[in-house]
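Residue numbers (this note's numbering): 2 to 722.
Listed below in structure tokens is the structure:
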């Protein structure tokens, strides 16, 4: 629906075969496209098509530097400016962009990376230090107490163990995360590598690098494992370069793996702590790099972690994975001596390595965390379910949200077969009914849970009936698991067959052709054929030509007034708004009044006075409207069909000219006033511009400007108001 609404605002190249006017924004853009932008900078082009640009690009993704380069300060202001990753943006680079918008939203995490200062010269005006910018735009916004919204729901990690350490250590367990059906195992693991850190020479850790590259090759070689994207994070640029070089060597030996990686939706990335923020992959391989040297001595120097705020770099690095994280390290947690360093980043690394090795039991305990008390009925319900022969756990999860009861899968003891949500603490702490009954269950289903609701009153009223319902839900979950497993196996076989068929095709036939468009992320859309412009304002004009059997004598006799009134009402009903001059001509034609005289005009005026209507004067013309019509709200224009009698310009009121001019602006963007007059006339069916036609068009467009329907800029361009 959103795409359709935005697409409806995109101008058409022309209407009824008409080309865009050279002076219109569409004409300017087309000329720039045809000339490949010669003699016109992007900034100048943007300045000349401000309204068209906003309709073609209702949302523009730009860096602050690009905004300064391409958007003139005089450009019409954007309704909304949004900054993402604002913790990495210096305030001085943001103010120019803020000035180009009416409203601003600043999004960022103060516990993630600040702007890099590597290439900057540190200069501080000590006499005016209170006026100096803080570290980032986000810090300055927090300092001036801008209205805040705290986004608590964590979306990236598909397994709670991937975010549990950061949540507990850095976010005071305030992130709202959801347990996974396989919550009994951790998806963060530690691989202890036999090797050393070459501290005095290359500053490399070849053992860890080799282990990481071997894992990448193993995953890319496996048809199932390579469905998960891979990212590599290192502590240092030296280690990043080493892994990159070693992987390139492996790709040279196995070019088919490189081809697969290059064609995947998310190719392997290898980054260090300084540039990984904002990235994510299904599987993250983490190389610590630092550790004991060849002699077994361990230095407490861990590069970026030792700096002020180094803990923020660690927080970024360990929260990039969606499904799994594997930590490769030659150093053991107990080899990190916190007594030899005051760095919070180094202390955080030791805690994280312990967590990767031991799991949830190693999570840090914060004194200010208050554990939720367990609902009093949950132990009772859990014990009753155990009586059915099931293994049951309660209060599953590491954050504020807990799965009240989980029934363990007897075939996979580290996975839950069914989760039970009760109407106790979880409901109490959820702010809205939508959270409780729509969003939370939806997220849990997305993570793979089979869930059921259990109501306290239902349990108190008839516990046996509830237990029977639980038993039935477990049986259904078991059957569903068997079905899903069979479907996955069938799908895997089909994908392998399709992959083999695809690989067998000649290289030139592997691209998607025709009307199918691959948008990535598994989305394939059929390309729409170009459609001609169709406006809701436009109507085909078919004048009524009733067969007349009366004469001018009949018309003037006074005996046929009721018939004349009926015919006149028909004209008004079908053709309003209509000028009095044209209406009179239609009525005279219907009664064969060939010679207009005082008597016939008196008859026309007398009968018209009997019909309820309203009259609006426009310069030297008077238009008749039905009583129920509002000229101020009129938004329709009528055009003669091809080969039909052309519509007289005197019959076109200002409201119709305005409606047609709107469509011209919709098709071509803002346009010079004289060009708008000409294009509106063409749209209404006049191929040549006479004095009378120009006068009518000009009056209608100026009326639109006067009422604020259109706005005229100082440079003579007109655009929608």
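By construction, the Cβ of each residue, glycine as well, lies at the ideal position given by its N, Cα and C atoms.
These numbers come from a predicted model, not from an experiment.
Quick one, are the C-beta atoms of residue i and residue j less than 8 Å apart?
{"i": "residue 327", "j": "residue 431", "result": "no"}
{"i": "residue 713", "j": "residue 675", "result": "no"}
{"i": "residue 312", "j": "residue 345", "result": "yes"}
{"i": "residue 721", "j": "residue 12", "result": "no"}
{"i": "residue 361", "j": "residue 187", "result": "yes"}
{"i": "residue 680", "j": "residue 22", "result": "yes"}
{"i": "residue 320", "j": "residue 164", "result": "yes"}
{"i": "residue 204", "j": "residue 237", "result": "yes"}
{"i": "residue 178", "j": "residue 158", "result": "yes"}
{"i": "residue 641", "j": "residue 542", "result": "yes"}
{"i": "residue 103", "j": "residue 398", "result": "no"}
{"i": "residue 1", "j": "residue 87", "result": "Limits of the chain in this structure are 2 at one end and 722 at the other, which puts residue 1 out of reach."}
Within the continuous alpha helix (DSSP H) that includes residue i, where are the two ends?
{"i": "residue 557", "result": "553-558"}
{"i": "residue 690", "result": "Looking at the DSSP string, residue 690 is not in any alpha helix (DSSP H), and its letter there is neither H nor E."}
{"i": "residue 1", "result": "Residue 1 is absent from the model: the chain starts at 2 and stops at 722."}
{"i": "residue 145", "result": "From DSSP, residue 145 is part of no alpha helix (DSSP H); its letter is neither H nor E."}
{"i": "residue 173", "result": "It is not in any alpha helix (DSSP H) - residue 173 carries neither H nor E in the DSSP assignment."}
{"i": "residue 214", "result": "207-222"}
{"i": "residue 190", "result": "Premise fails: residue 190 lies in the beta strand (DSSP E), 189-193, not in any alpha helix (DSSP H)."}
{"i": "residue 541", "result": "Where residue 541 is concerned, there is no enclosing alpha helix (DSSP H), although the beta strand (DSSP E) it sits in stretches over 539-542."}
How big is the Cα-Cα spacing for residue i and residue j?
{"i": "residue 213", "j": "residue 365", "result": "28 Å"}
{"i": "residue 418", "j": "residue 176", "result": "26 Å"}
{"i": "residue 694", "j": "residue 682", "result": "7 Å"}
{"i": "residue 310", "j": "residue 426", "result": "36 Å"}
{"i": "residue 678", "j": "residue 275", "result": "57 Å"}
{"i": "residue 413", "j": "residue 271", "result": "34 Å"}
{"i": "residue 151", "j": "residue 207", "result": "42 Å"}
{"i": "residue 710", "j": "residue 95", "result": "34 Å"}
{"i": "residue 289", "j": "residue 235", "result": "6 Å"}
{"i": "residue 239", "j": "residue 233", "result": "13 Å"}
{"i": "residue 56", "j": "residue 633", "result": "26 Å"}
{"i": "residue 532", "j": "residue 701", "result": "With a pLDDT of only 37 at residue 532, under the threshold of 50, the placement of this residue in the model should not be trusted; the figure read from the coordinates follows. Whole-angstrom Cα-Cα distance: 29 Å."}
{"i": "residue 672", "j": "residue 652", "result": "26 Å"}
{"i": "residue 73", "j": "residue 48", "result": "7 Å"}
{"i": "residue 85", "j": "residue 317", "result": "15 Å"}
{"i": "residue 563", "j": "residue 691", "result": "40 Å"}
{"i": "residue 392", "j": "residue 477", "result": "17 Å"}
{"i": "residue 65", "j": "residue 90", "result": "9 Å"}
{"i": "residue 630", "j": "residue 614", "result": "9 Å"}
{"i": "residue 298", "j": "residue 249", "result": "32 Å"}
{"i": "residue 352", "j": "residue 363", "result": "8 Å"}
{"i": "residue 482", "j": "residue 356", "result": "31 Å"}
Tell me which residue opens and which closes the beta strand (DSSP E) that residue i is part of.
{"i": "residue 345", "result": "Taken as a continuous stretch (DSSP letters only), residue 345 belongs to no beta strand (DSSP E), being part of the alpha helix (DSSP H) at 345-359."}
{"i": "residue 71", "result": "Unbroken run through residue 71 is the alpha helix (DSSP H), 65-71; no beta strand (DSSP E)."}
{"i": "residue 283", "result": "282-288"}
{"i": "residue 421", "result": "417-423"}
{"i": "residue 638", "result": "638-641"}
{"i": "residue 326", "result": "322-330"}
Opposite residue i in the DSSP bridges: which residues?
{"i": "residue 272", "result": "234"}
{"i": "residue 618", "result": "623"}
{"i": "residue 277", "result": "According to DSSP, residue 277 bridges with nothing at all."}
{"i": "residue 105", "result": "82"}
{"i": "residue 719", "result": "672, 713"}
{"i": "residue 395", "result": "406"}
{"i": "residue 453", "result": "421"}
{"i": "residue 25", "result": "672"}
Within 10 angstroms of the Cβ of residue i, are there 16 or more other Cβ atoms? Answer buried if so, exposed if not.
{"i": "residue 291", "result": "buried"}
{"i": "residue 215", "result": "exposed"}
{"i": "residue 231", "result": "buried"}
{"i": "residue 639", "result": "buried"}
{"i": "residue 405", "result": "buried"}
{"i": "residue 255", "result": "exposed"}
{"i": "residue 329", "result": "buried"}
{"i": "residue 523", "result": "Reliability fails at residue 523, whose pLDDT of 38 lies under 50, so the model's placement of it is uncertain and the value that follows must be treated cautiously. The residue is exposed, with fewer than 16 neighbouring Cβ atoms inside 10 Å."}
{"i": "residue 174", "result": "buried"}
{"i": "residue 332", "result": "buried"}
{"i": "residue 580", "result": "buried"}
{"i": "residue 577", "result": "buried"}
{"i": "residue 433", "result": "exposed"}
{"i": "residue 453", "result": "buried"}
{"i": "residue 456", "result": "exposed"}
{"i": "residue 253", "result": "exposed"}
Using 7 Å as the cut-off, classify the Cβ of residue i as near or not near the heavy atoms of the ligand HEM, replying yes or no.
{"i": "residue 460", "result": "Although the ligand HEM was asked about, the structure shown includes no ligands whatsoever."}
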